[in-house]
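Data first, discussion second: the structure below is written as structure tokens.
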DNA sequence: CGTTTTTCGAAAAACGTTTTCTGAGGCGGG
DNA sequence: CCCGCCTCAGAAAACGTTTTTCGAAAAACG
């Protein structure tokens, strides 16, 4: 037995009088080993409380049962659910996740990716705006598989799990249009986010298709923060001709819009409608009550992890796969017909919480 | 050079014509090595893009530069900030964090702790209710240092970072008392949480000291969820003699209280005051506007990580250290004098957002 | 000048696994 | 009866580091 701390495979080998290779095989079950000795070994391992060293195994097998997860900031409300989804699959597969915050800083991201690679992660999942930076690409080129979530590269084709931003934004605009809105504003996310960009384009396209006011001043460039939403609302409120509805590119900044509206005495939805995007957990609270486009974040995280696992286990580098997850409008009470619109008489009618597929 | 993938220390040894041990020493700077050869080695390493294998190093040094973080659920709003604080220190120290969700299930926690130990983490930080379970204790007994956050063991003395629940609850009760409230209710957290328990005891003590209504029915046993708050409020509303103020043991359940209040047409703070605990990020939103007891979560995470690092680097097992972080009342607009109380005439006056120390 | 110390590098051991190589024995087929 | 094949298990190599040991040359010392 070992008095030097860890109980190793040699200890159980010694205990059973077998060779270490036999013990290894008996426990892993790779090579055939006599049933009797296998039992002996298992029993001894159990009795001694033997636990194989994952790091020794990693060194030998070049597989660490670890996946790296790179996010902008775990304290951002939209992020943790993705992580949770990833973790669900990871534990199922016997993996553990190594978490890194980048704060959307390229240098930090590069350095974090290095430490992940140095640790020989089996794969990586990235939520990041910087997928095109040459420095980042250089690290991605290697043989470590990776999957992108929500932010896609413009120049490269990668494994990617994203939301159907086109359809989602179209649904949003149409919904507001049918309520009677003709002057609809948008608060965008940062230009470096592919999802934000897609949402912007879809917005402009949808507006153009309908007889809506295409005033470019109705687009406010934000950055997904509460503060951006807050400032956007102040901006909209100051306009000569205010929008009657605002779409926020994510819920967090919709909260900022709400905040400013309260401060300005603008009632939502009586004076102005508001539609978010993501469906963060708190959107459902009565005090928030935000109609929004639901993104199944946990499922997306899980999907990313599933895909990554496939990549890790399959030998041949396959063609990149892009999974686009549909979104659903979740109608709460932040939207209503505009005061001067065609449907003005009716208040926002109560609808089922989740729109039918 | 290596055509088999990784560039190893042998490659740079070969490139410079030196021995691997020399390269190792030159790079790590542990042992003295001639300045000229050191430069040669560094230059070659740089040129070849050599990156040392962390797992090989871990195996040899029995230090993985990795710390395990065990939390109930990363999607719980209070959790990510702790993690972020931990990560702040971790990256500074060249460590990476291995994240595990336990869902507060003992079996999951035990299994996760095993995988952390198997991976030879240098230390662990735990936010968990199950610190007294024998199975858990057995794993903690080993030589891997650990630090507890927010949930402490009743039977053991461990390194612990917690909040000053006694003072915090006393401040809360006193504040409501001074507003004129005499019938104050409490929604507790789960009995298995030491912090929840401390808050409960402090509540009862504070109430007893003042001439408040000590009605035991004013304590509702919750479990830190929105739903618990929701049900608690329904319960309070149904009482013959309603409380005029409610203290929620954490913000998440305060949100549930708010929710139910809106639904029941009970106005906060006009009809009832509400005081939360934690100060989650969203509490500051105008729509929520929750007065609450601020817990510096990021700082607490950082403090835990700092302490853990000290434990990791110091040889001698020192006496356990308990750090109790003071809390601050953050006054927003969910509290006001009771309608029939001594101060009834005044509305909730606007105070500075953060109370003076 | 002889001896001891110091400086510098190389060689080799160790960390704990998995895997490859080797060999012993049993058994069936020609 | 010999050959080859199969089953089983032991010995040893390998994974990529750090650290210990060792040795040679240079420097210091009396």
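Residue numbers (the numbering used here), protein chains in the order written: chain A, 1 to 357; chain B, 1001 to 1357. Built from N, CA and C at the ideal position, the CB exists for glycine as well. Since this is a predicted model, take the numbers as computed values, not measurements.
Inter-residue Cα distance where the pair is residue i and residue j
i                      : j                      : result
residue 140 (chain A)  : residue 148 (chain A)  : 11 Å
residue 1022 (chain B) : residue 1013 (chain B) : 8 Å
residue 1346 (chain B) : residue 1337 (chain B) : Confidence at residue 1346 (chain B) is low in this model, with a pLDDT of 48, below 50, so the placement of that residue is unreliable and no value is reported for it.
residue 53 (chain A)   : residue 94 (chain A)   : 14 Å
residue 1044 (chain B) : residue 1007 (chain B) : 12 Å
residue 1236 (chain B) : residue 1242 (chain B) : 6 Å
residue 277 (chain A)  : residue 153 (chain A)  : 21 Å
residue 205 (chain A)  : residue 186 (chain A)  : 13 Å
residue 1086 (chain B) : residue 1115 (chain B) : 20 Å
residue 260 (chain A)  : residue 1279 (chain B) : 20 Å
residue 1352 (chain B) : residue 1330 (chain B) : Any reading at residue 1352 (chain B) must be qualified, since the residue scores a pLDDT of 44, below 50, and its modelled position is unreliable; the value itself is stated next. C-alpha separation (whole angstroms): 9 Å.
residue 354 (chain A)  : residue 1289 (chain B) : Legend: pLDDT at residue 354 (chain A) = 48, less than 50; position of this residue unreliable, no value from coordinates given.
residue 1213 (chain B) : residue 119 (chain A)  : 59 Å
residue 1063 (chain B) : residue 1230 (chain B) : 47 Å
residue 1232 (chain B) : residue 111 (chain A)  : 48 Å
residue 1142 (chain B) : residue 76 (chain A)   : 35 Å
residue 1209 (chain B) : residue 1234 (chain B) : 28 Å
residue 92 (chain A)   : residue 304 (chain A)  : 14 Å
residue 199 (chain A)  : residue 179 (chain A)  : 21 Å
residue 1059 (chain B) : residue 1041 (chain B) : 24 Å
residue 162 (chain A)  : residue 107 (chain A)  : 25 Å
residue 38 (chain A)   : residue 302 (chain A)  : 36 Å
residue 5 (chain A)    : residue 1203 (chain B) : 46 Å
residue 328 (chain A)  : residue 293 (chain A)  : 6 Å
residue 1017 (chain B) : residue 1057 (chain B) : 22 Å
residue 1065 (chain B) : residue 1312 (chain B) : 10 Å
residue 1175 (chain B) : residue 1339 (chain B) : 16 Å
Start-to-end residues for the alpha helix (DSSP H) that takes in residue i
i                      : result
residue 42 (chain A)   : 35-48
residue 1264 (chain B) : 1251-1264
residue 1230 (chain B) : 1226-1237
residue 308 (chain A)  : 297-313
residue 15 (chain A)   : 9-16
residue 1248 (chain B) : From DSSP, residue 1248 (chain B) is part of no alpha helix (DSSP H) but of the beta strand (DSSP E) over 1245-1248.
residue 57 (chain A)   : 54-61
residue 289 (chain A)  : From DSSP, residue 289 (chain A) is part of no alpha helix (DSSP H); its letter is neither H nor E.
residue 1322 (chain B) : That residue, residue 1322 (chain B), is in no alpha helix (DSSP H); its beta strand (DSSP E) goes 1322-1325.
residue 22 (chain A)   : 20-28
Nearest-angstrom Cβ-Cβ length linking residue i and residue j, presumed shorter than 8 Å
i                      : j                      : result
residue 334 (chain A)  : residue 274 (chain A)  : 4 Å
residue 190 (chain A)  : residue 224 (chain A)  : 6 Å
residue 1156 (chain B) : residue 1125 (chain B) : With 8 Å as the limit, residue 1156 (chain B) and residue 1125 (chain B) do not qualify as a contact, their Cβ atoms being about 16 Å apart.
residue 1323 (chain B) : residue 1160 (chain B) : 7 Å
residue 35 (chain A)   : residue 297 (chain A)  : Contact doesn't hold; Cβ gap of about 47 Å is too wide.
residue 67 (chain A)   : residue 308 (chain A)  : 6 Å
residue 55 (chain A)   : residue 1055 (chain B) : 5 Å
residue 1109 (chain B) : residue 1127 (chain B) : Not a contact, Cβ separation roughly 11 Å.
residue 1144 (chain B) : residue 1121 (chain B) : 7 Å
residue 1394 (chain B) : residue 1244 (chain B) : This structure leaves residue 1394 (chain B) out entirely; chain B is present only between 1001 and 1357.
Burial state of residue i (16 or more Cβ within 10 Å)
i                      : result
residue 1356 (chain B) : Here the model assigns residue 1356 (chain B) a pLDDT of 42, short of 50, so the residue's position is not dependable, and the following value carries that caveat. By the neighbour-count rule (16 or more Cβ atoms within 10 Å), residue 1356 (chain B) is not buried but exposed.
residue 201 (chain A)  : exposed
residue 1010 (chain B) : exposed
residue 1129 (chain B) : buried
residue 1318 (chain B) : exposed
residue 61 (chain A)   : exposed
residue 1019 (chain B) : exposed
residue 265 (chain A)  : exposed
residue 1099 (chain B) : buried
residue 181 (chain A)  : buried
residue 1238 (chain B) : exposed
residue 1002 (chain B) : In this prediction, residue 1002 (chain B) has a pLDDT of 41, which is less than 50 and means its spatial position is unreliable; nothing more can be read from the coordinates.
residue 249 (chain A)  : buried
residue 1255 (chain B) : buried
residue 320 (chain A)  : exposed
residue 1291 (chain B) : buried
residue 29 (chain A)   : exposed
Residue i - containing beta strand (DSSP E), residue span
i                      : result
residue 1278 (chain B) : 1273-1278
residue 1163 (chain B) : 1160-1163
In chain order, which continuous runs of the beta strand (DSSP E) of length 3 or greater are located wholly inside the stretch 103-158 of chain A? The stretch 103-158 of chain A contains these whole beta strand (DSSP E) runs: 123-126 and 146-149.
Any beta strand (DSSP E) of 3 or more consecutive residues that is wholly inside the stretch 181-207 of chain A: Runs found: 184-187.
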